[in-house]
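Using this note's numbering, the letters of the sequence shown correspond one by one to residues 13 to 107.
As structure tokens, the structure follows; a few thoughts come after it.
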Amino acid sequence: MSKKSKKIVLTLVVILLVYFLFLPSITPELAVRKQLLFSFHPIKAVTSEVRQGRISNDPKYGTLYEVADQAITEPFIYLKKSWLGWRVTSVGSGP
Numbered sequence: 013m014s015k016k017s018k019k020i021v022l023t024l025v026v027i028l029l030v031y032f033l034f035l036p037s038i039t040p041e042l043a044v045r046k047q048l049l050f051s052f053h054p055i056k057a058v059t060s061e062v063r064q065g066r067i068s069n070d071p072k073y074g075t076l077y078e079v080a081d082q083a084i085t086e087p088f089i090y091l092k093k094s095w096l097g098w099r100v101t102s103v104g105s106g107p
């Protein structure tokens, strides 16, 4: 691999990393998993089941998603959709 192609690959990896870490997610499930990752549950972020809750389109919080794992202390996560993607608006132990 030449120096130029290594720089291009490194640049693409950095851009994707910045996109994943700082911009909203493209799916609600990915946003919930990113929230779990940032709240120091990396294994649960990959293995836990994520399902949509009973509350949807709440004007203040958004749509409720639940993480089906007893070890998570805050399994209820509200998400809102913007033109960039899904972002977490609230996290808690009850809806």
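We treat Cβ as the ideally placed atom computed from N, Cα and C, and that holds for glycine.
Taking the Cα of LEU48 as reference, the smallest distance to any Cα among LYS93, SER17, PRO87 and LEU76 is reached at PRO87. DSSP, reduced to helix, strand and coil, places PHE52 outside both helices and strands of the structure shown, so it counts as coil. Here LYS46 carries a helix assignment [DSSP, helix/strand/coil]. LEU28 counts as exposed, since fewer than 16 other beta carbons sit within 10 angstroms of its beta carbon.
Secondary-structure assignment with DSSP links LEU91 through a beta bridge to THR75 and VAL100. For ILE20, the uninterrupted alpha helix (DSSP H) segment begins and ends at 15-34. Closest by C-alpha distance to PHE32, out of TRP98, ILE84 and GLY104, is TRP98.
In the DSSP annotation of this structure, the continuous segment of the beta strand (DSSP E) that includes GLN64 starts and ends at 61-64.
Rounded to the nearest whole angstrom, the CA to CA distance from HIS53 to ASP81 is 11 angstroms.
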